[in-house]
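Remarks on the structure that follows.
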Amino acid sequence: MGDILTVAFWIGVLASGIRLATPYLYAAIGETLGQRSGVLNLGVEGQMLMGAFMAFYVTLHTGNLWLAMLAAAAIGAVMGLAMAYVSIDLQAEQGISGIGFYLFGLGMSTLLFQMLVGTVETVSGFPPIHIPVLSDIPVVGEIFFQQNILVYIAFALVPIAQFILMKTTLGLKIRAAGENPAAADSLGVSVRAVRYITVTLGGILSGVAGASMSIGTLNVFQQNMTSGLGFIAVALVYFGGWRPVGVLLGALLFSMVSALQLRLQLIPDWPIPSDLMVMTPYIVTIVALVLTMQRVRSPSALTKPFERRA
Amino acid sequence: MKRFNVSQLMDALLPVFATLAALAVGAVMLLLLGANPITAYAALIEGAFGSGNSLAETAAKAVPLLLVGLGICISFRANVINIGGEGQMIIGAIFGTVIGLAMSGAPGWLVIPLALLAGFAGGALWGAIPGALKAYFNVNEILSTVMMNAIAVQIMNYLLRGPLIDPAQADLASKIPQTAALDAAFRLPRLVPTRLHLGALLAVILAFLVYILLWRTTLGYRIRAVGQNPDASRYGGIRVRRTIVIALLLSGAFAGLAGVIQVYGLNYRMITDGSATGFTGSAGFNGIVAALFGQLHPIGTIPASFFFGALLVGANKLQRVMQVPSSFITALNGLVVVFVVGSDIWRRRRQRRRQIQATQTALDEPTLTAESEV
Numbered sequence: 035m036g037d038i039l040t041v042a043f044w045i046g047v048l049a050s051g052i053r054l055a056t057p058y059l060y061a062a063i064g065e066t067l068g069q070r071s072g073v074l075n076l077g078v079e080g081q082m083l084m085g086a087f088m089a090f091y092v093t094l095h096t097g098n099l100w101l102a103m104l105a106a107a108a109i110g111a112v113m114g115l116a117m118a119y120v121s122i123d124l125q126a127e128q129g130i131s132g133i134g135f136y137l138f139g140l141g142m143s144t145l146l147f148q149m150l151v152g153t154v155e156t157v158s159g160f161p162p163i164h165i166p167v168l169s170d171i172p173v174v175g176e177i178f179f180q181q182n183i184l185v186y187i188a189f190a191l192v193p194i195a196q197f198i199l200m201k202t203t204l205g206l207k208i209r210a211a212g213e214n215p216a217a218a219d220s221l222g223v224s225v226r227a228v229r230y231i232t233v234t235l236g237g238i239l240s241g242v243a244g245a246s247m248s249i250g251t252l253n254v255f256q257q258n259m260t261s262g263l264g265f266i267a268v269a270l271v272y273f274g275g276w277r278p279v280g281v282l283l284g285a286l287l288f289s290m291v292s293a294l295q296l297r298l299q300l301i302p303d304w305p306i307p308s309d310l311m312v313m314t315p316y317i318v319t320i321v322a323l324v325l326t327m328q329r330v331r332s333p334s335a336l337t338k339p340f341e342r343r344a
Numbered sequence: 122m123k124r125f126n127v128s129q130l131m132d133a134l135l136p137v138f139a140t141l142a143a144l145a146v147g148a149v150m151l152l153l154l155g156a157n158p159i160t161a162y163a164a165l166i167e168g169a170f171g172s173g174n175s176l177a178e179t180a181a182k183a184v185p186l187l188l189v190g191l192g193i194c195i196s197f198r199a200n201v202i203n204i205g206g207e208g209q210m211i212i213g214a215i216f217g218t219v220i221g222l223a224m225s226g227a228p229g230w231l232v233i234p235l236a237l238l239a240g241f242a243g244g245a246l247w248g249a250i251p252g253a254l255k256a257y258f259n260v261n262e263i264l265s266t267v268m269m270n271a272i273a274v275q276i277m278n279y280l281l282r283g284p285l286i287d288p289a290q291a292d293l294a295s296k297i298p299q300t301a302a303l304d305a306a307f308r309l310p311r312l313v314p315t316r317l318h319l320g321a322l323l324a325v326i327l328a329f330l331v332y333i334l335l336w337r338t339t340l341g342y343r344i345r346a347v348g349q350n351p352d353a354s355r356y357g358g359i360r361v362r363r364t365i366v367i368a369l370l371l372s373g374a375f376a377g378l379a380g381v382i383q384v385y386g387l388n389y390r391m392i393t394d395g396s397a398t399g400f401t402g403s404a405g406f407n408g409i410v411a412a413l414f415g416q417l418h419p420i421g422t423i424p425a426s427f428f429f430g431a432l433l434v435g436a437n438k439l440q441r442v443m444q445v446p447s448s449f450i451t452a453l454n455g456l457v458v459v460f461v462v463g464s465d466i467w468r469r470r471r472q473r474r475r476q477i478q479a480t481q482t483a484l485d486e487p488t489l490t491a492e493s494e495v
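Protein chains in written order, with our numbering: chain A, 35 to 344; chain B, 122 to 495.
Right, here's the structure in full:
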């Protein structure tokens, strides 16, 4: 029990917390863009699983990690486009079509794995990069600057997304499409085009999120390896109040709690059964949603299809 | 009584066409995977309907889909998206199993109804929590129900590895996470000498009860009113928040019943492989698919559940004969959902056209009745 009090324990928790936040960041940042434009993509989990499989498969056969990333992004883009078509042009109920895409991704990634790979295999994914000078700083270096490249990119994405959303014309169009599509339309913004862009981009980022697991941190592919992570990413968007920085805080909270419970389980004689420890991040998410949903407001046109009036 | 016309027939057949389209895409997938789609679908049909036994197997598989689907009809009518069927099934099963284990030795006529009620209550609890979170704390139910699923799985794993573990397993090194077997007297009676049990009959009866609930009671009216227009409902004096909680509570209760019936009708004990699917067979999700396919109508959900039960049973045959993993069916179900909800736009368009026509007819022949009823 005394293990908890050591510096090494907490460095371990924080470093793996940073690593675990990575897939959440990719998926939730992409989902933020989509939701700000008015589309709820609930198929994130399916897109992640497909991305995870594609990246794993390409790495297994070519060893080319960047080609693998491209494959993951491509399959995410295809699924994102399909989701965009169904929710924007066919105006389908987004909560349900998203579940359809989730089931498709879950089944398809398992199917492909079973038919094309079959056995459990590991690949060598992105190695940790020790950033010169910074990684040598005691404690901080170990926590932040000895991660793999996908981790760094994920964190870099937060300010980029924040900038795009709040400071660029595209960001303005995205927000207008999500808040008042009729007004945006009357000002000459193509709500349809904006939503297509954000939902496809969200698909790409979800594919990358899956890849960040299968060739970044875990370096294997398993059936349903995301196990609800994509849904949590969607929850983080709500928790973060539809702002990239808020999403970052949510992702860190969730991944730190996950990392902590994983480390605590390793302690000999830890009194709480591991099954109960595993549920803590989910409980934390629900409590966090209860606390935040009181003061944040969702984009007005979220889940509402937009049809131009003639 | 509404007049029957071609347009309405098209509405009813739309999901069938959508499903055929999804099956066509599935056929392309099979081709790409090197399997002959005609042989594959033939194996699937053979597996699902080929013999009396496989028909009974299909019906048994349809039971949890129908029960979960009935709950989905209720919640979706209130515009509450319940994705928590998996967790609600698990908690219902746990509640019912605890009753059966605690009352071992008691007569079956007493324990079975009590266990079913406990399962109903367990699922209701697991549905009411996200219901209350949505109604009173503005927490999106899609997200909270997904979280509740994850929590339920861990509760199951904990109980089956710990307090509820089969005493026979507790002393073994292998420690299979399962409860003790229920008394043979507690098993749901078989309808025919197959695995088809009383739960099937119960589910069909409940489908008619849910129909009555939704269209013949005040509560049902409120649920549908809240789903169609919460603001108008509020002005009309309906307590919207309470109705939302009740809708999710009932939705969860039916899923809970599905869970306990899986235990008392088929498995006679709870066992976990660590995942939700290991216990539910994804019925919590597939029930949504069935309900949508039945156009969120309890009676329509009966044949829809049978259809998806057939897909699931046929998938086993597909796996044996063609070596196509059953995950193909999961992917296919996903496609069916996407195609069915995607094709709904044509129904809505026709509906709008009918309304416009009706309005024009009404304008042509003005009457006072419409005014005086307000």
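Idealized CB from N, CA, C, for every residue including glycine.
Query: Starting from the beta carbon of residue 466 of chain B, find every residue of chain A whose beta carbon is closer than 8 Å, and list them in chain order.; Result: 124, 125 and 126
Query: Can you tell me whether residue 174 of chain A is buried or exposed? The criterion is at least 16 other CB atoms within 10 Å of its CB, across all chains shown.; Result: exposed
Query: Among B/471, B/485, B/477 and B/479, which residue has its Cα nearest to the Cα of residue 130 of chain B?; Result: B/471
Query: Roughly how many angstroms lie between the CA atoms of residue 202 of chain B and residue 413 of chain B, to the nearest whole one?; Result: 12 Å
Query: With DSSP as the reference, label residue 193 of chain A as helix, strand or coil.; Result: helix
Query: So what does DSSP say about residue 261 of chain B, is it helix, strand or coil?; Result: coil
Query: Please name the residues in the stretch 258–291 of chain B whose beta-carbon is closer than 7 Å to at least one beta-carbon of chain A, in chain order.; Result: 258, 259, 260, 261, 263, 264, 265, 267, 268, 271, 272, 275, 278, 279, 282 and 283
Query: Closer than 7 Å by beta-carbon distance: list the chain B residues that pair up with residue 268 of chain A, in chain order.; Result: 264
Query: Alpha carbon to alpha carbon, how far is residue 146 of chain A from residue 156 of chain B? Give it in angstroms, no decimals.; Result: 13 Å
Query: As a quick exercise: from B/480, B/477, B/409 and B/330, pick the residue whose alpha carbon is nearest that of residue 136 of chain A.; Result: B/409
Query: Would you kindly work out how many angstroms separate the C-alpha atoms of residue 477 of chain B and residue 340 of chain A, rounded to a whole number?; Result: 20 Å
Query: Using a beta-carbon distance below 8 Å, is residue 254 of chain B in contact with chain A?; Result: yes
Query: Sort out for me which residues DSSP pairs residue 182 of chain A with in a bridge.; Result: A/162
Query: Which same chain residues, not among the five before or five after residue 234 of chain A, have their C-beta less than 8 Å away from its C-beta?; Result: 111, 114, 115 and 118
Query: Since residue 392 of chain B sits in a beta bridge, which residues does DSSP pair it with?; Result: B/299
Query: Which runs of the beta strand (DSSP E) fall wholly inside the stretch 313–339 of chain A and span at least 3 residues, in chain order?; Result: none
Query: Three-state secondary structure (DSSP) at residue 318 of chain B?; Result: strand
Query: Using only the alpha-carbon positions, how far apart do residue 145 of chain B and residue 432 of chain B sit?; Result: 15 Å
Query: Between the stretch 378–391 of chain B and the stretch 234–252 of chain B, do at least 3 Cβ pairs fall closer than 8 Å?; Result: yes
Query: With H, G and I counted as helix, E and B as strand and the rest as coil, what does DSSP make of residue 254 of chain A?; Result: strand
Query: In whole angstroms, what separates the C-alpha of residue 296 of chain B from that of residue 211 of chain A?; Result: 56 Å
Query: Taking C-beta to C-beta, are residue 313 of chain A and residue 199 of chain B nearer than 8 Å?; Result: no
Query: Based on Cα-Cα distance, which residue from B/128, B/327, B/364 and B/182 lies nearest to residue 315 of chain B?; Result: B/182
Query: Bridge partners of residue 339 of chain B, per DSSP?; Result: DSSP, once it has assigned bridges, lists no residue as partnering residue 339 of chain B.
Query: What's the C-alpha gap between residue 140 of chain B and residue 370 of chain B?; Result: 30 Å
Query: Residue 138 of chain A versus chain B: which residues are under 9 Å apart at the beta carbon?; Result: 451, 452, 453, 454, 455, 456, 458 and 459
Query: Give me the Cα-Cα distance between residue 308 of chain B and residue 372 of chain B, rounded to the nearest whole angstrom.; Result: 25 Å
Query: Below 8 Å, how does it come out for the stretch 205–220 of chain A and the stretch 62–74 of chain A: are there three or more Cβ pairs, yes or no?; Result: yes
Query: Applying the 10 Å Cβ sphere with the 16-neighbour rule, what's the burial state of residue 197 of chain A?; Result: exposed
Query: Is residue 311 of chain B helix, strand or coil by DSSP?; Result: strand
Query: What residues from the stretch 388–419 of chain B come within 7 Å of chain A, judged by C-beta to C-beta, listed N to C?; Result: 406, 409 and 413
Query: Taking 8 Å as the threshold, find out whether the stretch 242–259 of chain A comes into contact with the stretch 42–58 of chain A through three or more Cβ pairs.; Result: yes
Query: Rounding to the nearest angstrom, what Cα-Cα distance links residue 419 of chain B and residue 367 of chain B in this structure?; Result: 17 Å
Query: If you run the structure through DSSP and keep just helix, strand and coil, what is residue 234 of chain A?; Result: helix
Query: Check residue 160 of chain B in the structure and name its three-state DSSP category.; Result: helix
Query: Please determine if the stretch 458–472 of chain B and the stretch 146–163 of chain A are in contact, where contact requires at least 3 C-beta pairs separated by less than 8 Å.; Result: no
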